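Residue numbers (UniProt numbering): 1 to 858. For each residue, glycine too, the CB sits at the ideal point set by N, CA and C. None of these values were measured; they are calculated from a predicted model. Following: one structure in structure tokens, then a few remarks.
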Amino acid sequence: MTANDQSERGNGLAAPGQDAPGAGVGGVLFGPGAAGADAGSTESLVAERLSYLLQEAGLGLWEWNMADGRLAISPQCRQILELAPGEDHDDSAEHWRQRIHPDDFPTLSAAFSAAASLERPGFDAKFRVRSRAGDYRWMRTTVRALTRLASNAETKVIGTLRDVHAQEIESQQTRLSLEREQTVFRTLTTGLAMVSPEGQWLAANEALCRMLGYGEAELTTQSFQAITHPEDLAADLQLLQRTLAGELQGYQIEKRYVRRDGTILPAHLSTGLVRDAEGRPAHFISAITDLSEQKAAERYLRLQRDETKATLDTVRDCVVKTNCQGYIQVCNAAFLRLVGADAESMLQGSGIGHWLRLRVPEAEVAAETADADGEVFGQLLSLADSPSGKIFDVHSRGGAVSRMAVTVSRLPQLLEAQHDAYVIAFADLSEELRLRHAIEKVAATDLLIDMPNRIAVEQEIRRRHERICRGDSPEALVITFDIDEMRVLNDRLGHAAGDRVLRALADSLQALLPVGGYCGRWVSDQFVLICEPQSRQELAAFYARLHQRFQAHPSILALPLQPISFSAGVAVIDARPCEARSFVLEAEYAAREAKREGGNALRLYQEVRNAVDERRQAKNLRSELQGLISEGRILLYGQNIYDGQRQILGQEVLARIRNHEGVSSAGPLIEAAERAGYSSLVDRHVFEQLSGLLGQRNPARTETYSLNLSARAFDDAILTSQILRWLEEHPLHARRLQIEITETTAIADLEVAAMFIGRLRALGVMTLVDDFGCGFASFSHLKHLPVAGIKIDRSYVHDIHQDQVNRAIVKNISQTARDLGLVIVAEGVEQEPEFEVLAGLGVQRFQGWLLHRAEPLA
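Shown next as structure tokens:
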């Protein structure tokens with residue numbers, strides 16, 4: 001290293017890309033420390049102090065030697081530029097071009113050039129430098145160019161560097177905030193001004209200048225006292241003095257200003273006092289709102305209110321206006337008379353509920369009277385959206401009660417800050433109701449017999465139906481009464497006699513009217529009674545008492561034509577959604593059925609309806625049976641019957657039906673046919689098929705065929721004759737035919753049945769009682785019918801090995817049958833344990849799925 005190099009390093013200058021670690025001031029300022037310097041050196045001590053001060057001030061120090069382009073930077077400067085310890089720094093122009101913001105580089109470069117050429121030896125500049133994170137941060141540098149020799153042979157540029165990013169961002173935000181405030185101040189439609197504590201206008205926005213008619217420059221020569229209406233000045237100054245004294249932070253007041261043209265400006269003033277750092281009053285910030293339109297509107301509203309008040313005082317209805325909380329604001333003279341007040345001022349500010357109470361009339365809705373003493377205004381609010389209103393009994397504080405129609409109208413306010421108001425009208429209905437009741441009574445009364453007519457009866461049914469639908473009351477009955485042969489009576493005795501008969505029935509009904517009942521004339525000779533539910537026996541007893549009283553009526557006793565009777569029909573008023581007259585039509589239907597059967601009777605609609613439905617179903621069933629027979633869809637199946645050694649003894653013939661789903665049991669259809677009286681159709685068809693099959697078989701075969709006959713078969717002379725004739729014509733087949741009596745219904749004539757079974761027995765045909773122990777098959781048949789055996793019902797066979805009750809029943813049946821010498825057959829045997837128990841109890845023949853499933857007869 002040359003002496004010159006050592007001299008430069010001793011002065012603290014570093015080569016490009018390096019720090020200068022030498023001793024002396026430069027070494028301390030730009031190097032890592034003063035380790036190479038004399039600890040007692042004054043120069044070193046000064047350098048250390050200077051370095052400490054720069055560091056505390058957040059300043060980095062740099063030095064640029066213009067002769068050789070070397071740059072020396074202090075540790076603080078390295079930290080600001082985000083250089084890691086030991087990291088070289090790049091001093092090239094391209095490096096700084098990349099790091100410095102493009103908008104700042106040209107200006108900064110020109111300033112450095114001017115400093116280097118000593119055109120401008122020093123300058124101060126702010127610029128943005130790219131950080132390691134990629135964003136730009138604001139820096140500030142203060143630069144000074146120095147020359148070491150008089151010949152300017154060596155020029156150095158020295159400067160400080162500081163990170164001012166946070167201060168710059170804060171400064172920018174402050175400027176933006178001030179700009180926004182100034183913009184708002186100038187453009188706001190509300191008048192804004194700065195006023196001195198003495199009252200001098202300091203600044204005003206355009207809106208205030210327009211309000212007052214002054215330009216800003218002219219206005220600032222005035223005081224607010226000079227343009228305040230004299231009558232308002234004292235109140236304003238009093239509030240101002242209290243604010244200056246610290247009693248108030250600001251104040252609001254409505255006042256009048258005098259415009260430049262002499263006209264008056266009504267305004268609302270809201271002002272606040274701004275104090276300086278020492279707490280002394282600095283200036284007022286005042287917001288002034290033009291109230292010209294508002295005051296004009298208020299004057300107009302006052303005029304309208306006076307006109308409305310004068311108009312309302314001429315109205316007979318009571319009218320009152322309240323606020324959203326029910327406090328009275330305006331009312332007319334009629335309302336004052338209603339509540340007994342002498343003047344409107346007595347009512348203003350008081351709640352409407354203080355002056356009256358509302359009750360729902362019992363005649364209107366009895367269920368609502370429980371809440372009649374509730375909060376009055378709440379009751380009224382519920383009517384605000386109802387155009388028709390509601391009728392109340394209005395009770396005033398003086399005790400007077402008036403029936404009134406009350407309507408409530410909502411008055412929406414124009415301003416969002418205001419709440420709705422309400423206009424409530426009370427229309428006195430006393431006279432109107434009196435006339436209405438008189439008209440309604442005439443309209444709802446049958447003038448001939450002075451009792452409710454059809455209109456009234458229909459209303460009563462509708463009222464009760466509504467209560468039933470709400471669940472407030474149980475079902476009710478509607479009963480119609482029709483005079484039998486009324487037309488004949490009128491033709492033979494005249495209409496006057498007919499009218500007397502109607503009065504007699506009306507008198508009898510009213511005399512025996514049940515508690516809570518209602519009766520009236522429906523049409524012509526028909527009356528309707530509405531009452532609470534009664535049993536069939538109670539209805540019959542009431543009908544008998546009514547008939548007896550009717551027959552004993554003087555008008556009936558005086559008639560030469562006897563006897564005169566009536567028929568009745570009963571229907572139920574329930575919760576079905578239908579018209580009131582629909583219930584009467586049902587009762588009429590039942591009464592017509594009573595007349596069709598001869599009259600002088602009472603019939604229930606449901607019973608009549610059921611009978612009609614049964615006849616319709618029976619008719620449909622007959623058509624269905626005839627269709628099955630004609631189409632050949634009734635098939636014969638056979639299920640084997642076995643003895644105790646499981647040898648086949650014969651088969652039971654079973655009917656099956658073929659349909660689109662396959663083959664199914666005919667049992668349900670046959671049972672329905674037996675109840676409807678058409679089972680003989682099936683019996684005949686099955687016998688014809690079976691007899692034809694037997695005719696094709698060898699008579700010498702021993703297996704038997706058991707044919708099921710319903711109880712109705714004994715009443716079918718055609719079928720019994722057909723069976724007997726075939727047996728007589730085919731005597732060899734008689735011993736192969738067995739008859740099983742199936743009783744879904746009881747045998748109508750046991751004597752006829754016994755004769756037929758006896759003839760079958762004489763021809764060699766064995767007869768058994770099927771389903772013994774169930775339904776109508778009982779021990780009495782064993783006494784009255786000459787049967788040869790019984791078939792124990794499957795309900796007693798099921799689980800007999802586990803069911804002690806079934807076992808005891810079958811044991812008794814078997815013992816009785818053995819004592820009488822009867823054959824015992826068990827059907828429905830499905831389990832091996834069942835077979836074993838039945839055999840042990842003396843059962844001789846067995847049938848069921850355990851042994852065989854039914855299959856088509858070949």
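Distance between residue j and residue i (C-alpha atoms, nearest Å)
i: Leu546; j: Leu502; result: 14 angstroms
i: Asp124; j: Thr228; result: 53 angstroms
i: Gly272; j: Ala235; result: 16 angstroms
i: Gln241; j: Met211; result: 26 angstroms
i: Gly828; j: Gln651; result: 14 angstroms
i: Ser223; j: Glu278; result: 25 angstroms
i: Ser721; j: Leu760; result: 11 angstroms
i: Ser473; j: Ser778; result: 47 angstroms
i: Val477; j: Ile530; result: For clarity, residue 477 is Leu in the given sequence; the question names Val instead. Answer to the nearest angstrom: the Cα atoms are 6 angstroms apart.
i: Ala334; j: Arg454; result: 41 angstroms
i: Leu435; j: Val442; result: 11 angstroms
i: Ala145; j: Ala110; result: 14 angstroms
i: Ala673; j: Ile741; result: 16 angstroms
i: Pro32; j: Ser113; result: With a pLDDT of 48 at Pro32, under the threshold of 50, the modelled position of that residue is not reliable, and the figure given next carries that caveat. Whole-angstrom Cα-Cα distance: 30 angstroms.
i: Phe772; j: Val810; result: 10 angstroms
i: Asn490; j: Tyr543; result: 24 angstroms
i: Val843; j: Ser814; result: 7 angstroms
Proximity of residue i and residue j at Cβ, strictly below 8 angstroms
i: Asp499; j: Leu448; result: yes
i: Asp104; j: Phe127; result: yes
i: Ser665; j: Arg658; result: no
i: Leu822; j: Gly789; result: yes
i: Ile573; j: Ile468; result: yes
i: Ala854; j: Gly662; result: no
i: Glu593; j: Val570; result: no
i: Leu768; j: Gln738; result: yes
i: Pro266; j: Leu291; result: yes
i: Val825; j: Ile641; result: yes
i: Arg260; j: Tyr214; result: yes
i: Ala713; j: Leu719; result: yes
i: Gly517; j: Ser565; result: no
i: Pro699; j: Leu732; result: yes
i: Glu690; j: Leu636; result: Checking the displayed sequence, the identity of residue 690 turns out to be Leu instead of Glu. Result yes, Cβ atoms of Leu690 and Leu636 sit closer than 8 angstroms.
i: Tyr422; j: Thr322; result: yes
i: Ile800; j: Arg794; result: no
i: Ala207; j: Thr189; result: yes
i: Gln379; j: Leu358; result: yes
For residue i: DSSP bridge partner residues
i: Ile455; result: Its beta-bridge partners do not exist; DSSP assigns none.
i: Ser706; result: Glu652, Gln738
i: Met66; result: For Met66, which the question treats as bridged, DSSP gives no partner whatsoever.
i: residue 872; result: This structure cannot settle anything about residue 872, because the visible part of the chain is limited to 1 through 858.
i: Trp138; result: Arg128
i: Thr243; result: In the DSSP output, where bridge partners are listed per residue, Thr243 has none listed.
i: Pro106; result: Partner(s): none; Pro106 has no beta bridge.
Environment of residue i [buried if 16+ CB atoms lie within 10 Å]
i: Ala341; result: buried
i: Tyr705; result: buried
i: His437; result: exposed
i: Asn812; result: exposed
i: Trp522; result: buried
i: Asp819; result: exposed
i: Gly12; result: Any reading at Gly12 must be qualified, since the residue scores a pLDDT of 32, below 50, and its modelled position is unreliable; the value itself is stated next. Buried is the call here.
i: Phe846; result: buried
i: Gln76; result: buried
i: Gly840; result: exposed
i: His784; result: exposed
i: Ala363; result: A caution first: Ala363 carries a pLDDT of 48, below 50, which makes its placement in the model unreliable, though a value can still be read off. Exposed.
i: Tyr52; result: exposed
i: Pro452; result: buried
i: Thr141; result: buried
i: Leu628; result: buried
i: Ala753; result: buried
As an exercise, report each continuous alpha helix (DSSP H) stretch of at least 4 residues that is fully enclosed by the UniProt domain "GGDEF" (474-607), in chain order. 486-493, 495-511, 536-551, 554-557, 580-596
For the segment 296-383, list the alpha helix (DSSP H) runs that are entirely contained and at least 4 residues long, ordered along the chain. 333-339, 344-347, 376-381
Beta strand (DSSP E) runs wholly inside the UniProt domain "PAC" (251-303), at least 3 long, in chain order: 264-275, 281-290
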